[in-house]
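J.: Can you keep this structure in mind? I'll have questions shortly.
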Amino acid sequence: MVKIKEANKVVEKTDATMKELTRSMSDIIQASKSTSGIIKKIDDISFQTNLLALNASVEAARAGEAGAGFAVVANEVRNLAMRSSGAAKDTASMIDSTVEKIREGSELLIRTNETFSEMMERSLVIRQAIDEIADASGVQVRETESVSQEISKLNCTILLTAQGASESASVAANMKDQAEQMKGIVDELNELMG
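Under our numbering, the residue at position 167 of the sequence shown is numbered 167, and the numbers go up by one with no gaps.
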């Protein structure tokens, strides 16, 4: 009985931990979605920076020799924007992959949590059945004790009756002896008188 209660406590703790873990996974998914939004903004900024760098390169080319230095800077800004865009896309891809894995893990966790909930329900049913058995056993023990007490009383009564019967037999034997003695005396008196 104690072990079942301990097992129930372990299952309850595990169930609570699973629910907490499920909430945590959900929070991670939400945070990942927010991060994906930020990455999308970075990609948009990189795209716009790339366009600005391209426009700056066109304007630097129109300016001729005077814009040559500016063209180099614009080209570097464009390269940086392209690298930022590539990094943002790679990061977004990794985050999407991670979110998918977390979602799969979360679904597995939910199924596991449902299994633990079923175990909790079944454990409660078993516990109630054991309590009922324990109650019935208690009643049976009390009934057995009552029957045992009645048997003890009956044994005492039988013993007293046997003692009484033995004493009665002894008294009857004495009375028989006395009756025979009296008969002998009466017979002697009858002979003398008669």
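Each residue gets a CB set at the ideal place from its N, CA and C atoms; glycine is no exception.
Every value quoted in this text rests on a predicted model; they were computed, and no experiment measured them.
1) Straight-line CA distance for residue 51 to residue 63?
2) Return the Cβ separation of residue 32 and residue 102 in integer angstroms, given the expectation that the two are a contact with Cβ distance under 8 Å.
3) Closest to residue 3 by CA distance: which of 105, 130, 70, 79 is it?
4) Alpha carbon to alpha carbon, how far is residue 158 from residue 165?
5) Under 8 Å: do the stretch 80 to 89 and the stretch 42 to 49 share three or more Cβ pairs, one atom per stretch?
6) Alpha carbon to alpha carbon, what distance is there between residue 174 and residue 184?
7) Taking all protein chains shown into account, decide if residue 74 is buried (16 or more other Cβ within 10 angstroms of its Cβ) or exposed.
8) Look at the Cβ atom of residue 61, then the Cβ atom of residue 67, and state whether they are nearer than 8 Å.
9) Please classify residue 151 as buried or exposed, where buried requires at least 16 neighbouring CB atoms within 10 angstroms.
T.: On the basis of the data shown:
1) In the sequence shown, residue 51 corresponds to position 51, counting from 1. In the sequence shown, residue 63 corresponds to position 63, counting from 1. Their Cα atoms are separated by approximately 18 Å.
2) As a working mapping, residue 32 is identified with position 32 in the sequence shown. As a working mapping, residue 102 is identified with position 102 in the sequence shown. Contact flag correct, Cβ pair sits at about 7 Å.
3) The residue labelled residue 3 in the question sits at position 3 within the sequence shown. Minimum Cα distance to residue 3 is reached at 130.
4) One-based indexing of the sequence shown puts residue 158 at position 158. One-based indexing of the sequence shown puts residue 165 at position 165. Approximately 10 Å, taken between the alpha carbons.
5) yes
6) By 1-based counting over the sequence shown, the position of residue 184 is 184. By 1-based counting over the sequence shown, the position of residue 174 is 174. Those two C-alpha atoms are separated by around 15 Å.
7) Position 74 of the sequence shown, counted from the first residue, corresponds to residue 74. Residue 74 is buried by the Cβ-count criterion.
8) Along the sequence shown, read from residue 1 onward, the residue named residue 61 stands at position 61. Along the sequence shown, read from residue 1 onward, the residue named residue 67 stands at position 67. Taking 8 Å as the Cβ cut-off, residue 61 and residue 67 qualify as a contacting pair.
9) For the purposes of this step, residue 151 is taken as residue 151 along the sequence shown, with counting starting at 1. It is exposed - the Cβ of residue 151 has fewer than 16 other Cβ atoms within 10 Å.
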